[in-house]
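The opening position of the sequence shown corresponds to residue 55 in my numbering, with each subsequent residue numbered one higher.
Here the structure is laid out as structure tokens; the discussion comes afterwards.
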Amino acid sequence: MIPPKQVQEILDAVRIEEVVEEFVPLRKRGVNLIGLCPFHNEKTPSFNVNPARNIFKCFGCGKGGDAITFLKEHENLSYVESLRWLAKKYHIEIEEIERTPEQVAEQQYFESLYIVNDFALQHFQEQLFDTDEGKSVALTYFKQRGLREETIRTFGLGYAPEQRDLLVRRAKATGHSMELLQKVGLSSQDGGRDFFRGRVMFAIHNLSGKVAAFAGRTMSTDKSVPKYINSPETEIYVKNKTLYGAFQGKKAIRQQDECILVEGYMDVISLHQAGIENVVASSGTSLTEGQLQLIKRNTSNLKIVYDGDPAGVKAALRGLDLALEQDMNVRICLLPDGHDPDSYVQEFGGEAFSDYTDAESKDFILFKAQLLLDETRGDPMKKAGLVKDIVSSISKIPDPIKRSVYLKECATLLEVSEQALISESNKLITGIIRKREEKAARQPEAASDGPGATPDPNILVADPTFTPPAREKPS
55 MIPPKQVQEI
65 LDAVRIEEVV
75 EEFVPLRKRG
85 VNLIGLCPFH
95 NEKTPSFNVN
105 PARNIFKCFG
115 CGKGGDAITF
125 LKEHENLSYV
135 ESLRWLAKKY
145 HIEIEEIERT
155 PEQVAEQQYF
165 ESLYIVNDFA
175 LQHFQEQLFD
185 TDEGKSVALT
195 YFKQRGLREE
205 TIRTFGLGYA
215 PEQRDLLVRR
225 AKATGHSMEL
235 LQKVGLSSQD
245 GGRDFFRGRV
255 MFAIHNLSGK
265 VAAFAGRTMS
275 TDKSVPKYIN
285 SPETEIYVKN
295 KTLYGAFQGK
305 KAIRQQDECI
315 LVEGYMDVIS
325 LHQAGIENVV
335 ASSGTSLTEG
345 QLQLIKRNTS
355 NLKIVYDGDP
365 AGVKAALRGL
375 DLALEQDMNV
385 RICLLPDGHD
395 PDSYVQEFGG
405 EAFSDYTDAE
415 SKDFILFKAQ
425 LLLDETRGDP
435 MKKAGLVKDI
445 VSSISKIPDP
455 IKRSVYLKEC
465 ATLLEVSEQA
475 LISESNKLIT
485 GIIRKREEKA
495 ARQPEAASDG
505 PGATPDPNIL
515 VADPTFTPPA
525 REKPS
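Now the structure itself:
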């Protein structure tokens with residue numbers, strides 16, 4: 055057995071078009087790729103590959119599925135053999151182990167959760183496109199927001215009607231487990247009603263393109279109704295390890311070696327439609343280590359684009375010290391007042407958005423220093439606090455050369471002695487070393503090697519002449 059984590063790593067790396075093009079010549083048609091079907095004889099191409107959803111479909115013979123399905127059908131491989139083929143293509147080393155009955159059961163359970171979510175996605179899209187209520191309420195809303203049908207389908211947008219229990223009844227009628235429906239948050243805990251009602255729906259995909267959760271935006275004008283509600287966390291959906299649009303954007307992020315971070319679902323969707331596909335959303339939450347790791351799989355360059363109002367400024371700063379700790383290059387761009395990424399690209403277009411954000415983005419450390427300096431208004435005590443705040447951020451950067459450059463730049467900007475900043479940085483780094491040593495001492499096995507190992511102090515220091523305090527000998 056290939057361990058589930060490695061299976062997920064393989065699936066996350068797969069791009070369906072890259073796999074299919076090993077065997078079938080493809081050409082671009084809209085957002086899809088087309089070619090002659092390898093499974094039946096045809097002269098006119100009816101074989102479609104959808105990179106956004108990571109699937110293929112032949113409208114001539116009906117065959118369709120993901121990359122593994124393609125390899126099983128085309129190369130006559132088993133599931134495991136297909137995984138091995140993909141692992142080799144994407145240079146992923148695998149270590150196979152014997153699966154226990156418990157592991158088999160766990161994998162089947164996870165797949166069952168995805169199946170229920172797929173059923174719900176189909177239901178929400180049918181309600182959007184095929185019902186009078188969906189067309190008049192939700193489809194009209196999406197089109198007023200400037201979205202084309204292909205974009206709506208690419209991102210798995212849909213509609214949950216006002217009816218109390220339509221999804222629950224349909225799920226029962228088609229044999230879906232009520233327990234699983236409750237587990238993924240599609241029904242109330244008593245199973246008697248739909249959780250999402252009267253809302254436009256946003257499918258939240260994992261990196262493999264599977265639907266892990268949903269978000270629903272109310273269509274009600276009642277201020278007491280929450281604007282957005284989300285699926286609960288489950289074994290397949292952990293919010294602080296999820297970024298909206300990461301699946302649709304991962305190829306562009308890798309190709310352009312930059313990830314644009316925005317706040318909302320519509321920001322991602324509108325930018326993607328405008329041709330800016332290297333974009334993800336934090337959905338209004340502070341960036342977490344898990345989310346940053348998702349980004350860093352494909353790039354170390356992060357550009358944050360938020361509203362220009364005070365709330366947007368504060369949002370832009372949240373969680374970014376974590377990005378510095380992971381040695382990411384972070385830039386910030388604030389849009390003109392009154393605009394978010396969605397409204398800006400709708401009014402001015404994708405090219406103008408790219409031009410503006412390229413010209414106006416600023417290095418995070420220097421942006422933060424200038425922002426906080428403006429807030430001090432000449433108050434010495436506030437300025438002292440600002441210096442400590444900035445140096446704290448700089449001290450988290452692993453690369454000593456980067457740290458040295460930032461300390462020099464900030465000393466000039468803040469009109470403070472560079473040596474004073476270096477001294478403060480070294481104090482903070484000493485604390486970092488001690489904390490890591492204490493953690494390593496509490497976890498002796500991890501301390502011998504791996505992430506828990508005691509860091510080399512020479513990698514951390516800001517000043518080359520700095521020497522960390524000697525360790526006490528054990529008594």
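Think of the CB as a built atom: it goes at the ideal place given N, C-alpha and C, for glycine as much as any other residue.
- For residue 211, DSSP records a beta bridge to 256.
- With fewer than 16 other Cβ atoms from the protein chains shown falling within 10 Å of its own Cβ, residue 455 counts as exposed.
- In the three-state reduction of the DSSP assignment, residue 89 falls in the strand class, which pools E and B.
- Assignment of beta-bridge partners to residue 272 by DSSP yields 253.
- The DSSP-derived three-state label of residue 303 is helix.
- Secondary structure at residue 464: helix, using DSSP grouped into helix, strand and coil.
- Counting of Cβ neighbours within 10 angstroms places residue 145 among the exposed residues, the total staying below 16.
- Between residue 295 and the set 462, 267, 274, the nearest pair of CA atoms involves 267.
- Counting along the chain, residue 223 sits inside no beta strand (DSSP E); it lies in the alpha helix (DSSP H) bounded by residues 220 to 227.
- Each residue's CA atom was taken as its position, placing residue 221 and residue 255 some 13 Å apart.
- Rounded to whole angstroms, the separation of the alpha carbons of residue 238 and residue 167 is 7 Å.
- In this structure, 450 is the residue among 472, 250, 450 with its C-alpha nearest to the C-alpha of residue 486.
- In the pairwise beta carbon analysis, the segment 183 to 193 is classified as not touching the segment 97 to 107: fewer than three pairs are separated by under 8 Å.
- In the same chain as residue 328, and ignoring 5 residues on each side of it, the C-beta atoms closer than 6 Å to its own belong to 399, 404, in chain order.
- Distance between residue 348 and residue 331, taken at the CA atoms: about 16 Å.
- Short of 6 Å from the beta carbon of residue 345, and not among the five residues preceding or following it, lie these beta carbons of its own chain, in chain order: 297.
- Within the segment 394 to 439, the complete alpha helix (DSSP H) segments at least 4 residues long are 395 to 402, 404 to 414, 418 to 430, listed from N- to C-terminus.
- Boundaries of the beta strand (DSSP E) around residue 110: 109 to 112.
- Following the DSSP letters along the chain, one finds residue 106 in no beta strand (DSSP E), marked with neither H nor E.
- Residues of the same chain with a CB within less than 7 Å of the CB of residue 150, apart from the 5 flanking positions on each side, are 55, 56 in chain order.
- Non-local beta-carbon contacts of residue 250 in its own chain, meaning distances under 6 Å to residues more than five positions away in sequence, involve 214, 270 in chain order.
- Just so you know, the alpha carbons of residue 309 and residue 283 end up roughly 33 Å apart.
- A direct Cα-Cα distance of roughly 11 Å separates residue 262 from residue 105.
- Counting the other Cβ atoms within 10 Å of the Cβ of residue 257 gives 16 or more, which makes it buried.
- Residue 130 carries a coil assignment under DSSP once its states are collapsed to helix, strand and coil.
- Contact between residue 415 and residue 383 is absent: CB atoms are separated by about 11 Å, not below the 8 Å threshold.
- Beyond the five residues adjoining it in sequence on each side, residue 340 comes within less than 7 Å, by CB distance, of 372, 373 in the same chain, given in chain order.
- In this structure, the alpha-carbon of residue 393 lies about 18 Å from that of residue 334.
- By the Cβ criterion, the segment 376 to 391 is not in contact with the segment 436 to 444, since fewer than three pairs of Cβ atoms, one from each stretch, lie closer than 8 Å.
- For a cut-off of 8 Å, the C-beta gap from residue 401 to residue 357 is around 20 Å, too long to register as a contact.
- A Cβ-Cβ contact shorter than 8 Å links residue 315 with residue 336.
- Residue 463 is positioned such that its CB atom lies closer than 8 Å to that of residue 420.
- Burial check for residue 159: the Cβ neighbour count within 10 Å stays below 16, so the residue is exposed.
- For residue 314, the enclosing beta strand (DSSP E) starts and ends at 313 to 316.
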